[in-house]
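Asker: Here it is, the structure in full.
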Amino acid sequence: MGSGTIVVTGMGAVSALGIGCEALWDGVARGRDGIRAIQRFSTEEYGVHIAAVVPGHDGALDMQDQAEVDALCLRFGVLAAREAWDAARTEGTVPPHRVGIVLGTSPVGANPVVHRLVEKIAEALGAQGPLVTISTACASSTNAVGLGRDLLRSGDCDVVLAGGVDVLTDILFAGFHALSALSETKCAPFSSSIGTSLGEGAGFLALERREHAAARGAAELATLLGYGLASDAYHETSPDPKGSGVSSALRSALADSGLSSDRIGYANLHGTGTAANDPAEWAGYRRVFADGVATLPASSSKSFLGHAQGAAGVLELIVTLSAMRRGVVPPTLHLSERRRGVPDDPVADPVPRPHAFEAAIKTSAAFGGANAAVVVGRPGMEQPSSPPRRPVWLLGTASVGLGRGADEDLGALLPRSDPRGMGGASRWLTMAAALALRDGGIEVRGALRERTGLVAAITRPPADSQRELVKSARERGLPRLSASAFARVVLVAPAGACCRHLSLKGPLSALTTGAGSELVALAYAAELLAGRADADLMLAGGVHEADGDDRVSKPRDGAAVVLLGAGEPPAAAAIRVSGWSIGPPGCTIAASEAALERAGVSAATRFDPRDGEASAVGASWAGALARATAALRRGTADAALLCSVDGRSASVALVLKREEHGGRGPEDVHREA
Amino acid sequence: MSDETSDAYWAVRSTVGLHDAGHVGCLRVSGEAAFDALDGECAADLYLNDGRMRHTLMLSEDATPFADVYVCRDDEDFFVLVEGPPVRAVAQRLVGRAARLGRPIHVEDLRESHVVWQVDGPFAWELVGELVQAEVANLSYASFMHTEDGVCFRAGKTGEYGYILLVAASRAQATWAFLKEAGARFGLVETGIDTLDLCALENGFFSMRHARPEGATPVELQQQWRVSYRKEFTGAVALARRLEEGPARRSTAVSSAVETRRGDLVRSGKRVIGEVYAAGFSPGRRCWVASAQIDTPYAHPGVTQYVVDAGTGAAPIRTHSLPLLHNRSLSVDPRIHVFAHRAEIPLPPLVPGGVR
Amino acid sequence: MDEDLKTYIERRERALARVRQILIRDLKVRRRPEELDPDTPLFGAGLGLDSIDAVELVVCFEAELGVRLSDPSSAPRALRTINTLVDLALEAGRVGATGEEAHERRDQ
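For the protein sequence lines, the chains are A, B and C, in the order given.
All residue numbers for the first sequence refer to this note's numbering, where the first residue is 475 and numbers rise by one.
All residue numbers for the second sequence refer to this note's numbering, where the first residue is 44 and numbers rise by one.
All residue numbers for the third sequence refer to this note's numbering, where the first residue is 133 and numbers rise by one.
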């Protein structure tokens, strides 16, 4: 598997400051923002008329035509990805099937097949490695950079383009407007003028292992030192005012990077400028940096770029890296009348301030309570050895719905959870997760909350909220869009709801690769447990929801979740998740071989979805997983292989193995007595 | 109303009031049966995330209020803030319920080791922020946080920023001195319980410590938001029956230019339609304000045709929507405003058309 | 009960029914109408609505009752209890008659 330090060898950006990283930095260097009047659609009926739109692409667009929106998304994505790809001189020096892409995006509005975009970007570039779409709303691309790092460490890729794309649409604008989150004047983070400006664009980093970059002579732009994810378990759109999620993500990222907080010389904040975000985020920093916050330069690039949604994190990371290379820190523009509880030094300068630093941290916070932080350092920085890899155990499995109906009522299962406004996907996922915990005999309480997380495969926007959103747009008009439906329509919403109801404050991620998504979620959760030390339990699984008008398959809606644990085996005989691999699409055999090799087994019994199960995309492996665990427990199989055969984004394989430890454990003795 | 009381009132309504809340009990409930015992004794659905609290009631079997409680979830344990009966009576019910469930519960009376204070007012957050940490300004209503010396709950019945502080007895003296000293910069006035009761009355809360209308349940008291009809708890059966029958009377807020007292009758023409059960002079409205139980068909706000019979003849009253005034805390934003610059905060009048 | 009062109370009850309906249908408050007392607080405690619900409520009021709540000086006062919403609905006249605030202004 190998580990080693991961470096950045290329960057690409499409932003409101122009096409390319140079244009982006040029704007920042001159203290010039990209926020201006919106031409793309009419804002006549709104109180806000500005946004940070990509110049040259900001003309009117037929918002009714999803194909046009998709095409713009693709154009941005390809432009930025190609810039990173070219900068890293990937062409001809890396086999295409070893180049993966992790895309963070958070589309809202239409009913898109979310994972298609990354497939089209890969096709345009000629990248043929595994493709994963992360959709944790505004934290998407920050999380994507982290997963990109993991795919390199596991050996599944040699180069990963990690980043994000999102475009400004009328429905996105209407949604933020409905939430009263927009400012009439240019986004002025930390100021008494409250609200954000929306943005758009795309950004990518080319990541690879240091030895790999050196071997092919690629120049190192920066070191990717670590990342952290954490859930707020607080509210669907508002951050925990105490900043608990941000502080957990910061601590995780710092621990992952091996740096103490005093080594961080600059923080690039999420800094949206909204009433709720800025003080909550800084409260999170204060908890981690303690007295160090007084002197930590901390700015928000949203004053230049607006809030570029899924692309925000990576674009702001590119600003950070560009500044680091030049020995300056980027400012926060438009600052007036500093609010209470915001950074002491928000870099309130008109242009970047000379200030050399060796390492920086970037935070993102999102709807659904998803927080992500990334630590970057100067080129050549050594990463301390990562913690020893821990074994991962399968502790419990559960599924609800999926053609069997729900045998349990949410109220009976979770008497402390307010079901008001909970849609189908949230309900299914939360119930399956609660049952998986119960199956594993785990009660998540106390410190375990911070150490229990969730990776959910969510392949489409939650159906109920989607319907409600469309209905409110149709019946009331976009300016009166349903704010609550908008808040719940992001892909991560059901995962956030699940964390909220079960008090899970550990790593939270939501992803899709289309078919096989839930196995990818399982592999990612296993990797988070094995490769780092900040979580002890992970729930992983997926939700299936049929299309709104697909009445026939509606009864197949449901969710399946497994509970994984790291460290000591839970019993004398236990099922170990012993190997996994996320490989290029159409390469099931190669992925399976890699997973078997990592598991240290030569052969395994393969378990596949049966007829009727496979159509429940997002949760189609529930049956196969149940059969595999049953066979392993009975001893009719020693190792089980689960692999996706039809993934168009990626192939994924997992090996489960029955392991016996040191004769009889205390539990068995007890049972016999 | 004495000047002293009036000062205290205006402190709660426009600066900060501090009250040594001897009337508030505090229990710590833990053990395997903690949640189920509370769920079985409290009338509301206890939908609670960690760090959040729920304002509910404990009822007697006949559905009349037994205790006014906040249930606060702290990980898997709970704080219970109690008003009304002695805390041991509440503890007994919880222990009794746990015994019937056959599972262990541990109930600790924190008043033995802590003091409880209340800080209320549009700038309460600023004072408490100095005491605890700046994050208090971010603490949302019905949430709490642990502090160095205890717990800070954001709760209250005055409609203003309100905090209930649980402070370790060993730190009480120093903390009180700090609050008084720092409070001087925020216009702090020490308030009595009468002031808080009056403010609660203006904001639609009844007092557990004063006599209530005979036999009134949450249905008659307009407190159904604090109860559930979807779960079993002590008093649930009687409560459901009362709702099904439909309440004969309903609490209604009234104001009067002449002194109004508990027991005064409310009439519409010659017909007696209700009775006042709590009243006081409101410096904010500059008139008498009261809660009356009024026959349901008549129990609507915005009516000027009723009179109150105070024994000295009939005086016209007016019925109102609650709350009776516009709390200034709604116009004070801790992210932007500070006490020192309060003159610059645009404040709508307390009462529509009023001046102060 | 005199006719004026009767007419006023009838209008008030109609408006109350509409407000309860909006809360249950659009805000997804899990209550039967008769459980929603007229003086029920909307936010914080009370029905436990949050800032997103507040926005939704404003929009529903506009869409359903033609009541504009966008005036920032009146919105906080109307968004307190079910009764203050009823006052607003009556004041806007869609349901008829005048609300409490109108009474008060006339008096002062």
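C-beta: ideal position from N, C-alpha, C; glycine also.
Contact between the segment 1093–1113 of chain A and the segment 602–619 of chain A: three or more CB pairs below 8 Å?
Answerer: The segment 1093–1113 of chain A is not in contact with the segment 602–619 of chain A.
Asker: Please state if the CB of I524 (chain A) and the CB of E674 (chain A) are separated by a distance shorter than 9 Å.
Answerer: For E674 (chain A) and I524 (chain A), no; Cβs fall outside 9 Å.
Asker: Consider the Cβ of A185 (chain B): report whether some Cβ of chain C lies at a distance smaller than 9 Å.
Answerer: By this cut-off, A185 (chain B) is an interface position.
Asker: Between L81 (chain B) and chain C, is there a C-beta pair that is closer than 9 Å?
Answerer: So, not an interface residue.
Asker: Just to confirm, is the Cβ distance from S372 (chain B) to Y206 (chain B) under 9 Å?
Answerer: Contact flag unset, no.
Asker: So A989 (chain A) and G1016 (chain A) are supposed to be a Cβ contact under 8 Å. How far apart are they, rounded?
Answerer: Actually they are not in contact, since the Cβ atoms of A989 (chain A) and G1016 (chain A) sit about 11 Å apart, beyond 8 Å.
Asker: Would you please state the rounded distance, in angstroms, between the beta carbons of G719 (chain A) and A704 (chain A)? I believe it to be under 8 Å.
Answerer: Correct: roughly 5 Å between the Cβ atoms.
Asker: Could you spell out the range, first to last residue, of the alpha helix (DSSP H) harbouring A1065 (chain A)?
Answerer: Counting along the chain, the alpha helix (DSSP H) containing A1065 (chain A) begins and ends at 1062–1073.
Asker: Leaving out five residues before and five after D134 (chain C) in sequence, what residues of the same chain have Cβ atoms less than 8 Å from its Cβ?
Answerer: Contacts found: none.
Asker: Determine contact between the segment 785–804 of chain A and the segment 498–509 of chain A, defined as no fewer than three beta-carbon pairs at a distance below 8 Å.
Answerer: These segments touch.
Asker: Would you identify the three-state DSSP class for G484 (chain A), choosing helix, strand or coil?
Answerer: In this structure, G484 (chain A) counts as strand in the three-state DSSP scheme.
Asker: Where does G143 (chain B) land, buried or exposed, given buried means 16+ other C-beta within 10 angstroms?
Answerer: Strictly speaking, residue 143 (chain B) in this sequence is Arg, with Gly absent from that position. The residue is exposed, with fewer than 16 neighbouring Cβ atoms inside 10 Å.
Asker: Given V297 (chain B), which residues of its chain have a CB within under 6 Å of its CB, disregarding the five upstream and five downstream residues?
Answerer: Taken in chain order, the residues that qualify are A333, A335, I360, T362.
Asker: Quick test of your reading: A930 (chain A) and A995 (chain A), contact by CB under 8 Å. State the CB separation rounded to the nearest angstrom.
Answerer: Yes, A930 (chain A) and A995 (chain A) are in contact; Cβ-Cβ is about 6 Å, under 8 Å.
Asker: Please confirm if the segment 335–346 of chain B is in contact with the segment 156–164 of chain C, defined as three or more CB-CB distances below 8 Å between the two stretches.
Answerer: As far as the Cβ criterion goes, the segment 335–346 of chain B does not touch the segment 156–164 of chain C, which means the pair count is below three.
Asker: Can you grab the Cα-Cα spacing for the pair L965 (chain A) / G603 (chain A), in whole Å?
Answerer: Answer to the nearest angstrom: the Cα atoms are 24 Å apart.
Asker: Are any of the Cβ atoms in chain A nearer than 9 Å to that of F276 (chain B)?
Answerer: No, F276 (chain B) lies away from the interface with chain A (no Cβ there is under 9 Å from its Cβ).
Asker: Out of A:Y708, A:K776, A:R623, A:D630, point me to the one whose CA is closest to D730 (chain A)'s CA.
Answerer: Measuring from the Cα of D730 (chain A), the nearest candidate turns out to be A:R623.
Asker: Can we say the segment 811–824 of chain A touches the segment 751–762 of chain A, given the rule of at least three CB pairs closer than 8 Å?
Answerer: Segments in contact, yes.
Asker: Using the C-alpha atoms, what's the distance from E1001 (chain A) back to L124 (chain B)?
Answerer: So the alpha carbons of these two residues sit roughly 44 Å apart.
Asker: Within 10 Å of its beta-carbon, does R1025 (chain A) have 16 or more other beta-carbons around it, so buried, or fewer, so exposed?
Answerer: Only weak support is given to the placement of R1025 (chain A): the predicted model assigns it a pLDDT of 48, under 50, and the value that follows is read from those uncertain coordinates. Burial call: exposed.
Asker: At the level of alpha carbons, what is the spacing between E496 (chain A) and G927 (chain A)?
Answerer: Between E496 (chain A) and G927 (chain A), the C-alpha separation is close to 38 Å.
Asker: Using CA coordinates, which residue listed in A:L791, A:E682, A:P1029 is at the minimum distance from S1153 (chain A)?
Answerer: The requested residue 1153 (chain A) does not occur in the structure, where chain A is confined to residues 475 to 1147.
Asker: Is it true that the CB of G574 (chain A) sits closer than 9 Å to the CB of V634 (chain A)?
Answerer: Result yes, Cβ atoms of V634 (chain A) and G574 (chain A) sit closer than 9 Å.
Asker: Across the segment 1103–1114 of chain A and the segment 874–892 of chain A, are there enough close Cβ pairs to call them in contact, namely three or more that are closer than 8 Å?
Answerer: Flag = no, the segment 1103–1114 of chain A and the segment 874–892 of chain A do not touch.
Asker: Whose Cβ in chain C lies nearer than 9 Å to the Cβ of S1118 (chain A)?
Answerer: None at all; the shortest Cβ gap to chain C is about 37 Å.
Asker: Taking the alpha carbon of Y520 (chain A) as the point to measure from, which residue in A:S860, A:R627, A:L656 has its own alpha carbon closest?
Answerer: For the residues A:S860, A:R627, A:L656, the minimum Cα distance to Y520 (chain A) belongs to A:L656.
Asker: Rounded C-beta distance between A846 (chain A) and A1007 (chain A)? I'm assuming under 8 Å.
Answerer: Contact flag wrong, Cβ pair sits at about 18 Å.
Asker: Could you please give the first and the last residue of the uninterrupted alpha helix (DSSP H) stretch that includes W559 (chain A)?
Answerer: Residues 540–561.
Asker: Are there 16 or more other CB atoms within 10 angstroms of the CB of H189 (chain B), so buried, or fewer, so exposed?
Answerer: Flag for H189 (chain B) reads exposed.
Asker: For the alpha helix (DSSP H) containing D219 (chain C), list its first residue and its last residue.
Answerer: Here the alpha helix (DSSP H) through D219 (chain C) covers 214–223.
Asker: Below 8 Å CB to CB, which residues in the same chain sit around S665 (chain A) once its five sequence neighbours on both sides are set aside?
Answerer: Counting only Cβ-Cβ distances below 8 Å, and skipping sequence neighbours, we find G747, H808, L809, S810, E811, R812, R813.
Asker: Quick check: the Cα distance between R590 (chain A) and R146 (chain B), rounded to an integer number of angstroms?
Answerer: Rounded to the nearest angstrom, the two C-alpha atoms are 53 Å apart.
Asker: Counting C-beta neighbours from all protein chains within 10 Å, is the total for I154 (chain C) 16 or more, i.e. buried, or is it exposed?
Answerer: Its Cβ being crowded by 16 or more others within 10 Å, I154 (chain C) is buried.
Asker: Spell out whether any CB of chain A is found under 9 Å from the CB atom of G94 (chain B).
Answerer: Closer than 9 Å to some Cβ of chain A, the Cβ of G94 (chain B) qualifies, so yes.
Asker: Do the segment 189–202 of chain B and the segment 230–249 of chain B make contact, defined as three or more Cβ pairs closer than 8 Å?
Answerer: A contact exists between the segment 189–202 of chain B and the segment 230–249 of chain B.
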